[in-house]
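The next block holds one structure in the form of structure tokens; read it before the comments.
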Amino acid sequence: MSSAVQNLYESCKEIFATNTGAGFIPSPSDVDRLRLVLDDMKVSDVGLDPERPYFATTYTGTPLITYLHLYECEKFQIGIFCLPPSGVIPLHNHPGMTVFSKLLFGSMHVKSYDWVAELPDIGDSNLNPSHFRPPGVCLAKVETNSIFTAPCNTFVLYPAAGGNMHSFTALTSCAVLDVLGPPYSDAEGRPCRYFSEFPYISFSGDLCLVPQRYEEGYAWLEERDRPEDFLAVRGIYMGPKIVEN
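Each number in my numbering corresponds to the 1-based position in the sequence shown with 22 added.
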């Protein structure tokens, strides 16, 4: 009988078979299919022990994030992020990618954004929004700002929707199983970029881009270098192996 990990691999292989690169989105039925596969997965299915040292805060300084690599090809990638309490994966994007994230155990805060594609036409060029903000700072809308505790449903983000830019903050030790389609690739124009967040009122001036009662649902984001305090290492995956076919 196939393992849950093997079933996940085979589902991904079929669903991403026609993946032609950045911007590919599986059909709604395929999204539901893969989400259901991930929803059923448990920490025991990947051979993960919550008592492993990389889930403990046995050191001082910035919590270390451990990544367990399961599989990667040009069409999709499967891996697990292991976070100790207070571990943070900072705000980053997923250019041209569809991503499925399943919280296997623990509790975490997730905050995500999508870009505001078009700002209102305000007519007077003297009131252009760019006059109130530095170059490179763009308006984004909050998609998710919630705490998730396992067991919970898999969440999905898309190239331009669903919270393409997100951050994870571990409230307890936790693990997240990720499926990325396609994977990051600098050579193909899909690098991972990081962002700083600024409250909406920081650069809005007197211009009312959004109704005041909705201001907390928006923020300004600015691209930044990878945070120096984001420490991530690759661990050894000890769970059921994937057999390519």
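Cβ coordinates follow ideal geometry from the N, Cα and C atoms, glycine included.
Simplified DSSP assignment, three categories, for E219
strand
Secondary structure of N29, DSSP reduced to three states:
helix
Quick test of your reading: P106 and A78, contact by CB under 8 angstroms. State the CB separation rounded to the nearest angstrom.
Between P106 and A78 a beta carbon distance of about 6 angstroms is seen, short of the 8 angstroms cut, so the two are scored as contacting.
Check for me: the beta strand (DSSP E) holding P107 runs from which residue to which?
Note, P107: premise wrong, no beta strand (DSSP E); not H, not E.
M119 to S195, Cα distance in whole Å?
27 angstroms
Between the Cα of Y240 and those of D136, C174, V255, spot the shortest distance and give me the residue it belongs to.
D136
Just tell me which of A44, L70, E36, T40 has its CA closest to the CA of M260.
L70
Please look up how many angstroms separate the CB atoms of A197 and L126, rounded, as I've assumed it's under 8 angstroms.
Indeed, because the Cβ distance is near 4 angstroms, the residues count as touching under 8 angstroms.
So S51 is in the alpha helix (DSSP H); what residue range does that whole segment cover?
50-61
According to the neighbour-count rule (16 or more other Cβ atoms, all chains shown, within 10 Å of its Cβ), is G211 buried or exposed?
exposed
Using only the alpha-carbon positions, how far apart do P213 and A183 sit?
18 angstroms
Can you tell me which of the three DSSP states P133 falls into?
Note that residue 133 is Lys in the sequence shown here, rather than Pro. Strand.
Which one or two residues does DSSP pair with C11 in a beta bridge?
Within the shown structure, residues of the chain are numbered from 23 to 267, placing residue 11 beyond reach of any answer.
Just to confirm, are V159 and E238 a CB contact at a threshold of 7 angstroms?
Between V159 and E238, the CB-CB gap reaches or exceeds 7 angstroms.
Going along the chain, which residues of its own chain have a beta-carbon closer than 7 angstroms to the beta-carbon of G185, five neighbours each way excluded?
Excluding positions up to five away in sequence, the list reads S134, Y135, D136, E165, T166, L179.
Closest to T176 by CA distance: which of F190, V59, E73, D251 is it?
V59
For the beta strand (DSSP E) containing C160, name the first residue and the last one.
159-171
Identify, in the order they occur along the chain, each residue of the same chain with its Cβ nearer than 6 angstroms to the Cβ of S129, setting aside the five sequence neighbours on each side.
T171, L193, T194
In three-state terms, what does DSSP make of P262?
coil
Please classify A162 as buried or exposed, where buried requires at least 16 neighbouring CB atoms within 10 angstroms.
buried
S224 classed as buried or exposed, judged by whether at least 16 other C-beta atoms fall within 10 angstroms
exposed
To the nearest whole angstrom, what separates the beta carbons of V255 and L86, a pair I think is in contact under 8 angstroms?
6 angstroms
Beta-carbon proximity list for P249, same chain, < 7 angstroms, skipping 5 on both sides
These residues qualify, in order along the chain: P112, Y216.
Counting only the same chain and skipping the five closest in sequence on each side, list residues whose C-beta sits under 6 angstroms from that of Q99.
L202, P205
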